[in-house]
Amino acid sequence: GAGVSQSPSNKVTEKGKDVELRCDPISGHTALYWYRQSLGQGLEFLIYFQGNSAPDKSGLPSDRFSAERTGGSVSTLTIQRTQQEDSAVYLCASSLFRGRNSPLHFGNGTRLTVT
Amino acid sequence: AQRVTQPEKLLSVFKGAPVELKCNYSYSGSPELFWYVQYSRQRLQLLLRHISRESIKGFTADLNKGETSFHLKKPFAQEEDSAMYYCALHNAGNMLTFGGGTRLMVKP
């Protein structure tokens, strides 16, 4: 595709429900990142994938959060038993290769609202 | 641990005025610094990176290792520059850390 695609674009869920967010990176991009953008909080790193493996899971806020990537392409971020503080915009980004000279390309994000 | 600090959450200037968005970092290694920008209703995108030493949309940023800063500057702000700006540091382990962001408002 032309860019990083995220779905859904908006998600409203009730507290306690599970949600799954999807990211389709740019074709051929080996690195994939998830960030969370909260009002007034900037961008918070969640997890990073190189291929299908996640060498750095340090940013996941709690064990309710998990992520996987299959086929070196699509990634899903799952939040179990959602809480109101999980409300935020979840951004996915991909880069061509692992390395500091490979800039990130971001999706439009999924706006999650937990009521 | 690495950290990126953008001390101003909001910066408001008039059209034609100079603008400087501040960014300070802490990192023990050799940093790779970037500025990303998010215009209204658009996705976050790369604006410039320090290794390129380029000027994008009239913006420049110089890495000052002595002051551990990477401030973003433009001599004459335009209304279309109004956006959210994020400074980011890429470490050797391929982790990209963002600052808290600065919202730039350019008034007519």
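Listed in order, the protein sequences are those of chains H and E. Residue numbers in the first sequence follow our numbering, run continuously in steps of one, and reach 412 at the last position. Residue numbers in the second sequence follow our numbering, run continuously in steps of one, and reach 780 at the last position. All C-beta atoms, glycine included, are put in the ideal place defined by N, C-alpha and C.
Asked, Found
"Residue-chain proximity (F706/E, chain H), Cβ-Cβ < 9 Å", "yes"
"Chain H contact for R675/E (CB, 9 Å cutoff)", "no"
"Span separating the alpha-carbon of G313/H from that of T379/H", "5 Å"
"Neighbourhood of A760/E by C-beta distance below 8 Å, restricted to the same chain and skipping five residues each side", "V676, L705, F706, W707, Y708, L768, T769, F770 and G771"
"Contact with chain E by G339/H, beta-carbon distance below 9 Å", "yes"
"Chain E contact for P400/H (CB, 9 Å cutoff)", "yes"
"Residues bridged to C759/E [DSSP beta-bridge criterion]", "W707/E"
"Cβ separation of A385/H and V301/H, assumed to be a contact under 8 Å, to the nearest whole Å", "Contact flag wrong, Cβ pair sits at about 18 Å."
"C-alpha distance - T686/E paired with R408/H, whole-angstrom precision", "In the sequence as displayed, the identity of residue 686/E is Phe instead of Thr. Roughly 32 Å between the two C-alpha positions."
"Buried/exposed call for V309/H, threshold 16 Cβ in 10 Å", "exposed"
"Chain E within 9 Å of N307/H, Cβ atoms only", "no"
"Minimum Cβ-Cβ distance from R721/E to chain H less than 9 Å", "yes"
"Beta strand (DSSP E) runs wholly inside the segment 324-381 of chain H, at least 3 long, in chain order", "328-335, 339-347, 350-353, 362-366 and 372-376"
"Selected residue, minimal CA-CA separation from F730/E, among T740/E, G773/E, N696/E and A689/E", "The question names Phe, but residue 730/E in the sequence shown is Gly. Among T740/E, G773/E, N696/E and A689/E, the Cα nearest to that of G730/E belongs to A689/E."
"Reference V399/H; option with closest CA among L682/E, E680/E, C695/E and L720/E", "Per the sequence shown, the amino acid found at residue 399/H is Ser instead of Val. Ranking the options by Cα distance to S399/H, first place goes to L720/E."
"Cβ pair count under 8 Å reaching 3, the segment 340-355 of chain H against the segment 692-706 of chain E", "no"
"Test: N349/H CB closer than 9 Å to a CB of chain E", "no"
"Bridge partner(s) assigned by DSSP for N307/H", "R408/H"
"Closer than 7 Å at the beta carbon, the chain H residues around L716/E", "L388 and F403"
"Within chain E, the residues that D321/H reaches when beta carbons sit closer than 8 Å", "Near D321/H there are no residues of chain E at all, since even the closest Cβ is about 14 Å away, more than 8 Å."
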